[in-house]
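Engineer:
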Amino acid sequence: MMDAVSQLKVNARKIAPVFILAFTVTTFFSKVIYSGKTLYGSDFLAYFYPLKAFIFDHFSINGFVPLWNPFQFSGTPVIANIQASMFYPLGFLYYLMPTDAAYLYSTVLHSILAAVFMYLFVRSVGTSKTGAFLSGLLFGFNGYLVAHIYAGHLSFVQNYIWIPLVFFLVHRFFLLRQWNYALAGGLILGVQILGGFPQIAFYTILAMLLFFCYEAGLFTHPHLFSRRHVKGHPIRAGAIQGIPSHRRNAEYTPGAECAGNADAPGQVRHLLFTGSGAVLIIIIGFSFSAIQVLPTYEFLQLSTRAGGIPYEFAVMDSLPPINLITLFIPDFFGNPAQGTFWAGETTWQFWEFCAYVGLIPLLLVFMSIRQLMSDRMGLFFLFLALVSVFLAFGKYNPIYPLIYRLPGFHSFRVPAQILFLYIFSISVLAGKALDSVRDGAQFEKRRSHLFAACVLFIALAILAWVRLAPLDLAGLLLRLTEPPITDPNLLARMCQIVDGATLKFCAFALAFLAAVYLGSKKSFGGSRIACGLIGLCVIDLISFCFPMLQPIDIQMIEERGKTLTPIAESNNLNRAMIMGPCFIGNAGLWYGFRDIQGYDPLILKRYMEYINCSQGLRPDPKVVNLHYVRDVRNNLIRMLNLEYVVDCGRQRILKMQEVVPSAYLVHRSVIKAHDEVLGFMMSSDFSPLEQVVFEEKRGNMREALRRTGAEIRDQVQLSRKGSDDMKIRAQTNAPAYLVLGEIYYPGWKAFVDGNEKPLLRADYLFRALYLDPGTHLIRLCFSPQSFLLGAIISLACMVVVLSTMLCNRRRCGQGKGND
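All residue numbers for the sequence shown refer to the working numbering, where the first residue is -9 and numbers rise by one.
So this is what it looks like as structure tokens:
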């Protein structure tokens, strides 16, 4: 009985920090949780809420997820939209409750998991519970994460949290040399990819590969971290959980049992082991997420980002070197949540550049730099932090044109988003540095006093410059603003913002120095100092992050859309658009009408070219927002079945005359080369209801249909037009093309009287179907092969991986039993 009680107490001590972490992170969101509202996020309102609500409504009514979205860009494949994250395992809340509630609870859940996963990883590399607690706290609640929550980047949060768990499993793979950890790591990487932010998954793979190379290098050069080189706190026996008892020693390095005999064959075997593990994790990750990856890849090849993006687009929102000051003084440029951001006309740069993890952790890292460089994990994460900042500079980085040519980098914009690796690295380093402080390794009087003097000098120098040279400060601020500030009142306000931010920096720097001073006193315990520093971190992060955690009432936005109710409830199959900024982005998704415009990073290239041509604009692959349609009376816009135009300027709803129907029959076709089609359709020679235009295809030109002398009698009736299918009854007494005002996209299938017939791309963008004379029942359904193949691969991957892991586990259990 006593043994059971003792074991229970031991287990309670082990898991207590996890529960404390979860409680602490939940407390940070208490303001919103108890408000009865949801969490504010600009992109959540403009993009993710209507998208998730559409999926939720479709699932609730039909019992399955939608494949096609008719409410944006005249129709687009929602199954290919990776940001919709329909198959993300932790997105289950979005199928169980209203979207606004699901977003709040999902965000809190992900923040808790971020902290817990980081705690597990940092504990696994030998850090104490106190140090791991600080690492988890920093990773689960920091300026960078909360700024992206304020921006409403749902998919970013869903991807962000998984990197410590991936590293935890990779580290265990090296530590115990068991393939199950590589298999589990692949599944977790797949979950991250399904989270819907491929750029973060790409950076995770990049960091993981660097870690694999680092570990392989340590095996071939074991002397780098032999006992004589490690002067910090060694990894204590048993501190790394999961090490078999016969392998535990004072200091344990992966591969240590082989490193002493690191001959050429042994090195080759280890390199093969390492390389195989890395390849296996990546293959499993993409295989498990194939249900999403394959449809997205198919869409990508047809989108504005096919073949990569231009360099000028790829380096948008690169981290300016001057913004490094926000790593220490986060409010230097203000805070958009408080209406004080002054560093530009747009606010999105704030959350892309805001890599604030706290001043105290940075000072801890700087103070412990010598010990961290002598630590196997410390050195790697110092390197990773520096590399991430170096790559975040983007266009300010002299070698970024070369980096842009590397696989993957030419597919993404916003280089500053790699700063999440900096946050990850500093969180790990801060926990290890706190251990040094707790153990008293840093409080040698000479070194600690020198460091304290440097910090004090810098803080006082900055404060003196801000207070004693206001004209110089004003001149600097003027040089940092584009366009230049001319309003003296605004300039004075900017100086006040910088002054307040600097004062806060000095206050926390002095508090840290007080802790250093107390730590140098032998009578003051290291554990007390560690707890005090954690408390300072909490206060610092709360003071910066709390203004960005704001509640918002979704009902207020839905009330604004009441004027659009007649359009949504008109029961017609035609489309509408908003002309002006009076409604939130993706209004069609928000209020349930078929919109010809939209806001999304991925847009069909042909659709962008079509819309731009209709407005007299050149194709622009950088476009993510098509809310610039003004000329609504040309042939191209009319063919989108546009019936309603909401004019924000005049505050009225216009009903268009001579609306082109959603489906009609034509008896004459025209063949044009690809680059001539749109010009011809814009000309007066083209009549949409009398002609259909096909593109020239390597001499295989379709036969033109021409009117006969007999009277043509046509009748077309749409009996159903759902999200993923439509039914049509057509009658004609002559050969004809049925032209649909629906976007042509691979995966749409047509059945005429029960027999599958090929769908043709017509009029540059739309679908057409050849019909013989007679009465026909036509059914169109969206069933993309990429989705079906991806689903099979994902299911097979999951079954194979889980079965293999179970077999390996049983084999290991039998081996232990024999021993």
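C-beta atoms are modelled at their ideal positions from N, C-alpha and C, and glycine is treated no differently.
1) Which partner residues does Ala720 have in the DSSP bridge list?
2) In three-state terms, what does DSSP make of Ala137?
3) For Gly731, which three-state DSSP category applies?
4) Please name the residue in Asp675, Val115, Val68, Thr120 whose C-alpha comes closest to that of Ala520.
5) Mind checking whether Leu124 and Cys527 have CB atoms under 8 Å apart?
6) Please name the residue in Ile416, Ile702, Ile542 whose C-alpha comes closest to that of Phe356.
7) Based on the DSSP output, what are the partners of Met423 in its beta bridges?
8) Can you give me the start and stop residues for the beta strand (DSSP E) that Glu746 sits inside?
9) Around the Cβ of Leu196, are there at least 16 other Cβ atoms within 10 angstroms (buried) or fewer (exposed)?
10) Run the CB neighbour count on Met546, radius 10 Å, all protein chains shown included, and call it buried at 16 or more, exposed below.
11) Please name the residue, chosen from Pro88, Ile359, Phe318, Pro397, that lies closest to Phe343 on a Cα-to-Cα basis.
12) Taking the alpha carbon of Pro188 as the point to measure from, which residue in Trp338, Phe402, Tyr93, Gly329 has its own alpha carbon closest?
13) Mind reading off the beta-carbon distance from Asn624 to Val650? Whole number of angstroms is fine, and I expect it under 8 Å.
14) Take Phe202 as the anchor and find which of Gln182, Pro255, Leu261 has the nearest alpha-carbon.
15) Would you decide whether Val283 is buried or exposed? Buried here means 16 or more other CB atoms lie within 10 Å of its CB.
16) Out of Lys739, Asn387, Leu381, which has the shortest C-alpha to C-alpha gap to Ala406?
17) Could you check what DSSP says for Trp338 in three-state terms: helix, strand or coil?
18) Reducing DSSP to helix, strand and coil, say where Tyr827 ends up.
19) Judging by CA-CA distance, which residue of Val136, Ala137, Ala726, Tyr193 is the nearest neighbour of Phe815?
20) When you compare the stretch 46 to 56 with the stretch 167 to 177, are there three or more beta-carbon pairs, one atom per stretch, that lie closer than 8 Å?
21) Can you find the residues in the same chain that come closer than 7 Å, C-beta to C-beta, to Thr794, ignoring five residues on each side of it along the sequence?
22) Please specify which runs of the alpha helix (DSSP H), each continuous and at least 4 residues long, are wholly inside the stretch 20 to 45, giving them in chain order.
23) From Ile557, Lys422, Ser517, Ser32, pick the residue whose C-alpha is nearest to that of Gly582; which is it?
24) Can you name the start and end residues of the beta strand (DSSP E) that Leu750 belongs to?
25) Considering just the uninterrupted stretch of the beta strand (DSSP E) at Ala653, what are its terminal residues?
26) Mind checking which residues open and close the alpha helix (DSSP H) that includes Ser308?
27) How about Arg815 and Tyr734: do their beta carbons lie closer than 8 Å?
28) Determine the closest residue to Ala813 out of Ser426, Tyr95, Leu199, with distance taken between C-alpha atoms.
29) Ala137: which of Tyr30, Asn71, Met629 sits nearest, CA to CA?
30) Assuming Ala104 contacts Phe63 (C-beta within less than 8 Å), just tell me the rounded distance between them.
31) Assuming the contact rule is C-beta atoms closer than 8 Å, Ile544 and Thr16 should be a hit. Round their C-beta distance to whole Å, please.
32) Between the C-alpha atoms of Asp33 and Asn576, what's the straight-line distance to the nearest angstrom?
33) Please give the ranges of any alpha helix (DSSP H) in the stretch 159 to 217, keeping only runs that are unbroken, at least 4 residues long and fully inside the region.
34) Got a sec? Which residues, its chain only, sit under 7 Å from Thr14 by beta carbon, not counting five neighbours each side?
35) Do you know how far the Cα of Pro310 is from the Cα of Gln775?
36) How about Ala726 and Val636: are their beta carbons less than 8 Å apart?
Structural biologist: Once the coordinates are examined:
1) Val706, His766
2) helix
3) strand
4) Ranked by Cα distance from Ala520, the options Asp675, Val115, Val68, Thr120 are led by Thr120.
5) Result yes, Cβ atoms of Leu124 and Cys527 sit closer than 8 Å.
6) Ile416
7) Here residue 423 is Ala; the residue named in the question, Met, does not match the sequence. DSSP lists no partner for Ala423.
8) 745 to 747
9) buried
10) exposed
11) Phe318
12) That would be Phe402, whose Cα lies nearest to the Cα of Pro188.
13) Not quite, the Cβ-Cβ distance comes to about 12 Å (not below 8 Å), so this is no contact.
14) Leu261
15) Around the beta-carbon of Val283, 16 or more other beta-carbon atoms lie within 10 Å, marking it buried.
16) Leu381
17) Under the three-state reduction of DSSP output, Trp338 falls in the helix class.
18) Residue 827 lies beyond the residue range present for the chain, which begins at -9 and ends at 809; the question has no answer from this structure.
19) Because the chain here runs from -9 to 809, residue 815 falls outside it and cannot be looked at.
20) Verdict: no, contact absent.
21) Taken in chain order, the residues that qualify are Leu173.
22) 20 to 23
23) Ile557
24) 750 to 752
25) 653 to 656
26) Segment: none, Ser308 is in no alpha helix (DSSP H) and carries neither H nor E.
27) Since the first residue of the chain shown is -9 and the last is 809, residue 815 is not available in this structure.
28) The shown model of the chain, from -9 to 809, leaves out residue 813, and the question about it has no answer.
29) Tyr30
30) The C-beta separation of Ala104 from Phe63 comes to about 34 Å, leaving the pair out of contact by the 8 Å criterion.
31) Not confirmed; about 22 Å, so no contact.
32) 11 Å
33) 169 to 184, 188 to 210
34) Leu127
35) Rounded to the nearest angstrom, the two C-alpha atoms are 44 Å apart.
36) no
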